[in-house]
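Chemist: Have a look at the structure that comes next, please.
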Amino acid sequence: MSYPRYAEYKESRIEWLGEVPKHWRTTPVKYMARFFSGGTPSKENEEYWGGEIPWVSAKDMKVDFLSDTEDHLTGYAVEQGAATLLDVGAVLIVVRGMILARTFPVTVTRTRMAINQDLKGIVAKANVLPDFVAWYLRGTAEESLRRLDEAGHGTKALRMDAWTSLPVAAPPLHEQSSIVAFLDRETGKIDALVAEQEKLIELLREKRQAVISHAVTKGLDPTVPMKDSGIEWLGAVPAHWEVKRLKFTIAGPEGLQMGPFGGMLLDLESENTGFKVYGQQNTISGNFEIGTRWINGERFRDLISYKLSPGDIVLTRKGSLGHAALVHGGISPGIIDSDTIRVRVNGGIVLPKFLTLLFVDALYVETQINVGKRGAILSGMNTDTVANLVLALPPRSEQEALLNCLDSSIGKLGSMTAEAQRAINLLKERRSALISAAVTGKIDVRALVEDEQPAKVLELA
368 MSYPRYAEYK ESRIEWLGEV PKHWRTTPVK YMARFFSGGT PSKENEEYWG
418 GEIPWVSAKD MKVDFLSDTE DHLTGYAVEQ GAATLLDVGA VLIVVRGMIL
468 ARTFPVTVTR TRMAINQDLK GIVAKANVLP DFVAWYLRGT AEESLRRLDE
518 AGHGTKALRM DAWTSLPVAA PPLHEQSSIV AFLDRETGKI DALVAEQEKL
568 IELLREKRQA VISHAVTKGL DPTVPMKDSG IEWLGAVPAH WEVKRLKFTI
618 AGPEGLQMGP FGGMLLDLES ENTGFKVYGQ QNTISGNFEI GTRWINGERF
668 RDLISYKLSP GDIVLTRKGS LGHAALVHGG ISPGIIDSDT IRVRVNGGIV
718 LPKFLTLLFV DALYVETQIN VGKRGAILSG MNTDTVANLV LALPPRSEQE
768 ALLNCLDSSI GKLGSMTAEA QRAINLLKER RSALISAAVT GKIDVRALVE
818 DEQPAKVLEL A
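Counting in the numbering used here, the sequence shown runs from 368 upward without gaps.
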């Protein structure tokens, strides 16, 4: 859909902003708002926590408008000066954290809240609407992300002295209200379409898992004799299959290898040395091309027992436990890190691709990993947990037949999932482009909301 443009424009004299409507005023954000910092009250004082006051951290910054949070403070924490409350209509941004490497989260409070030290609260002055400021920051997020520094250990931090000089092109209040109403309406429509596609992807994922779980526990022949596996959550399996623990399928004493201690990987290289360190990012994405952590040749030889080779399976053992990826050929020589476990199997007993399928999609394996997760979030899943996973294994030739059959059936589900994901990506691109065009005056939306209730004007001193 095409939208009208304003009748007259002027040069903003800001390269990335370009022309703006003639009657708009361009002002650095620091002159349009006041800024507030946050903090974390002492975790040791139980009287500060578990109350009714929302306390915002980066994990809550996933919505455009925020009404509640995961963590809450007590009124006592505020009374003791351990936290400061921000009023309704405060714009919140993340100013420190790894999330800034990917996105620039912005939200607006819909109730009084406190924030932690990784956030900044922005209270708009009387000549600008909080919701307009929020939409403007979302629409110009790339410019904010250009004002980042490293804050140690790869963490990103917003340079506030540079960021507060970010120019904001703002129309009169009534026009801000029209833009806010337009974006609330149109992004709401887009978000609903995205939610439909996400629901479809979840249904396809469940269908995929059900198809695979049935195949890897019952086989392809419904007439084959069955036997009791002796395992309650596995049930009956084909009589000619073997039920054994994973430790009896591995290739030698180094078949199960946890990554080196973190202290062994302190001197990483930032330049490509030809010897890579692989970790959770590679495992969760299944992409072993990405990553920028390297070690020199001498260190690689010292840590050769942690080497990753084609045919190995990598598991995540901390944080997001139990993700798995099969290593294909063509990867750079390298080692696993301390957050992963390498599984190297005896290919005469189980095909690496078949075992990877069990890790990723077999419900009975997922159940065992979930049991093993208890108490392992901080310490991490260990090789004993993996070694004692119970597997239902058909003969090697039948594993190949199962994989070939599943490649065909789940391939169709994969194509449908990819199509839905492409639709989501296009919708999100359209959303971003629409926000940017509206808040920078590239389109004129005033006439498109004339007959609607205008956005509420919040005039905060």
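C-beta: ideal position from N, C-alpha, C; glycine also. Predicted model, so just to flag it, every value in this text is computed and none were measured.
Assuming the contact rule is C-beta atoms closer than 8 angstroms, F726 and I698 should be a hit. Round their C-beta distance to whole Å, please.
Modeler: As a first step, residue 726 is located in the sequence shown; it is residue number 359 there, counting from the start. As a first step, residue 698 is located in the sequence shown; it is residue number 331 there, counting from the start. Going by Cβ atoms, the distance from F726 to I698 rounds to 19 angstroms, so no, they are not a contact pair.
Chemist: On the DSSP bridge list, what partners appear for E386?
Modeler: Within the sequence shown, the letter at position 19 stands for residue 386. Its beta-bridge partners are E378.
Chemist: Which residue from R763, P395, R798 puts its Cα closest to that of E510?
Modeler: The residue labelled residue 510 in the question sits at position 143 within the sequence shown. The shortest Cα separation from E510 among R763, P395, R798 belongs to P395.
Chemist: Note down, in chain order, each residue of its chain lying with its Cβ closer than 7 angstroms to the Cβ of V574, except the 5 sequence neighbours on either side.
Modeler: Walking along the sequence shown from the start, residue 574 turns up at place 207. For clarity, residue 574 is Lys in the given sequence; the question names Val instead. L780.
Chemist: Could you tell me the distance, in whole angstroms, from the CA atom of L745 to the CA atom of I736?
Modeler: What you label residue 745 is simply residue 378 of the sequence shown in a count that begins at 1. What you label residue 736 is simply residue 369 of the sequence shown in a count that begins at 1. The pLDDT assigned to L745 is 47, lower than 50, so where the model puts this residue is not dependable; a value taken from the coordinates is nonetheless given after this. About 15 angstroms.
Chemist: For the pair the stretch 530-542 and the stretch 384-402, tell me if three or more CB-CB distances fall below 8 angstroms.
Modeler: The stretch 530-542 is in contact with the stretch 384-402.
Chemist: What residue from T393, V462, V430 has the CA that sits closest to V495's CA?
Modeler: To locate residue 495, count along the sequence shown from 1; it is residue 128. For V495, the nearest C-alpha among the options comes from T393.
Chemist: Rounded to whole angstroms, what is the Cα-Cα separation between R469 and L515?
Modeler: Residue 469 sits at position 102 when you count from the first residue of the sequence shown. Residue 515 sits at position 148 when you count from the first residue of the sequence shown. Each residue's alpha carbon lies about 12 angstroms from the other.
Chemist: Using the Cα positions of G778 and Q484, report the straight-line distance between them to the nearest angstrom.
Modeler: Reading the sequence shown from its first residue, position 411 is the one you call residue 778. Reading the sequence shown from its first residue, position 117 is the one you call residue 484. The straight-line gap from Cα to Cα measures roughly 46 angstroms.
Chemist: When you compare only the Cα positions, how much space is there between N412 and G696?
Modeler: Here the question's residue 412 lines up with position 45 in the sequence shown. Here the question's residue 696 lines up with position 329 in the sequence shown. Taking the straight line joining both Cα atoms gives about 53 angstroms.
Chemist: In chain order, what residues of the same chain have a beta carbon less than 7 angstroms from the beta carbon of L595, not counting five sequence neighbours either side?
Modeler: Within the sequence shown, residue 595 is the residue found at index 228, counting from 1. It should be pointed out that residue 595 corresponds to Asp in this sequence rather than to Leu. A603.
Chemist: Cβ of V710 within 8 angstroms of Cβ of I671?
Modeler: The count along the sequence shown starts at 1 and reaches residue 710 at position 343. The count along the sequence shown starts at 1 and reaches residue 671 at position 304. No, the pair does not count as a contact, with Cβ atoms beyond the cut-off.
Chemist: Is the beta carbon of V461 closer than 8 angstroms to that of V500?
Modeler: In the sequence shown, residue 500 corresponds to position 133, counting from 1. In the sequence shown, residue 461 corresponds to position 94, counting from 1. Against a cut-off of 8 angstroms, the Cβ pair of V461 and V500 comes out as no contact.
Chemist: What three-state label does DSSP hand M465 in the structure shown?
Modeler: Counting from 1 along the sequence shown, the entry for residue 465 is found at position 98. M465: helix per DSSP, three-state reduction.
Chemist: Would you call the stretch 566-584 and the stretch 800-818 touching, i.e. three or more CB-CB distances under 8 angstroms?
Modeler: At 8 angstroms Cβ cutoff, the stretches do not touch.
Chemist: Between which two residues does the alpha helix (DSSP H) harbouring E765 extend?
Modeler: Stepping through the sequence shown from its first residue, residue 765 is reached at position 398. E765 -> alpha helix (DSSP H) spans 763-806.
Chemist: DSSP on R709, reduced to helix/strand/coil?
Modeler: Taking the first residue of the sequence shown as 1, we reach residue 709 at position 342. Strand.
Chemist: Where do the ends of the beta strand (DSSP E) carrying S404 lie?
Modeler: Here residue 404 refers to the residue found at position 37 when the sequence shown is read from its first residue. It spans 400-404 - the beta strand (DSSP E) in which S404 sits, taken as one unbroken run.
Chemist: Could you check the C-alpha separation between D498 and L452 for me, to the nearest Å?
Modeler: Position 131 of the sequence shown, counted from the first residue, corresponds to residue 498. Position 85 of the sequence shown, counted from the first residue, corresponds to residue 452. Approximately 19 angstroms between the Cα atoms of the pair.
Chemist: Between T707 and Q647, is the Cβ-Cβ spacing less than 8 angstroms?
Modeler: Start at 1 with the first residue of the sequence shown, and residue 707 comes out as number 340. Start at 1 with the first residue of the sequence shown, and residue 647 comes out as number 280. Going by C-beta atoms, T707 is nearer than 8 angstroms to Q647.
Chemist: Following the continuous beta strand (DSSP E) through K643, name the residue where it begins and the one where it ends.
Modeler: Position 276 of the sequence shown, counted from the first residue, corresponds to residue 643. First-last of the beta strand (DSSP E) with K643: 643-645.
Chemist: Could you pull out every residue in the same chain whose Cβ sits closer than 7 angstroms to the Cβ of G678, ignoring the five residues on either side in sequence?
Modeler: What you label residue 678 is simply residue 311 of the sequence shown in a count that begins at 1. Cβ neighbours of G678 beyond the five flanking positions: V694, P719.
Chemist: Based on the DSSP output, what are the partners of T683 in its beta bridges?
Modeler: Here the question's residue 683 lines up with position 316 in the sequence shown. In the DSSP output, where bridge partners are listed per residue, T683 has T707.
Chemist: Can you name, in chain order, every residue of its own chain whose Cβ lies under 7 angstroms from the Cβ of I657, other than the five neighbours on each side?
Modeler: As a first step, residue 657 is located in the sequence shown; it is residue number 290 there, counting from the start. These residues qualify, in order along the chain: Q648, N649.
Chemist: Determine, using beta-carbon pairs with one atom in the stretch 381-388 and one in the stretch 416-429, whether at least three such pairs fall under 8 angstroms.
Modeler: Touching, no.
Chemist: From the DSSP output, read off the bridge partner residues of M625.
Modeler: On the sequence shown, residue 625 is found 258 positions in, with the first residue counted as 1. In the DSSP output, where bridge partners are listed per residue, M625 has I708.
Chemist: If you run the structure through DSSP and keep just helix, strand and coil, what is R813?
Modeler: One-based indexing of the sequence shown puts residue 813 at position 446. Helix, per DSSP.
Chemist: Using the three-state DSSP reduction, which class does I744 fall into: helix, strand or coil?
Modeler: Here residue 744 refers to the residue found at position 377 when the sequence shown is read from its first residue. Because I744 carries a pLDDT of 49, less than 50, the predicted location of this residue cannot be relied on, and no value is offered for it.
Chemist: Under a Cβ-count criterion, where at least 16 other Cβ atoms within 10 Å of its own Cβ denotes burial, should Y398 be classed as buried or exposed?
Modeler: Looking up residue 398 in the sequence shown gives position 31. With fewer than 16 other Cβ atoms within 10 Å, it is exposed.
Chemist: Would the beta-carbon of V712 fall within 8 angstroms of that of L722?
Modeler: Position 345 of the sequence shown holds residue 712. Position 355 of the sequence shown holds residue 722. Their beta carbons are under 8 angstroms apart, which means V712 touches L722 by this criterion.
Chemist: For chain C, check one thing: does any of its Cβ atoms lie closer than 8 angstroms to the Cβ of V445?
Modeler: Among the chains in the structure shown there is no chain C, since it carries only a single protein chain.
Chemist: With distances taken between CB atoms, is the gap from Q564 to A790 smaller than 8 angstroms?
Modeler: Translated into positions along the sequence shown, residue 564 becomes position 197. Translated into positions along the sequence shown, residue 790 becomes position 423. For Q564 and A790, yes; Cβs fall inside 8 angstroms.
Chemist: What residue does the beta strand (DSSP E) around L613 start on, and which one ends it?
Modeler: Taking the sequence shown and counting its residues from 1, one reaches residue 613 at position 246. Premise fails: L613 is in no beta strand (DSSP E) and is neither H nor E.
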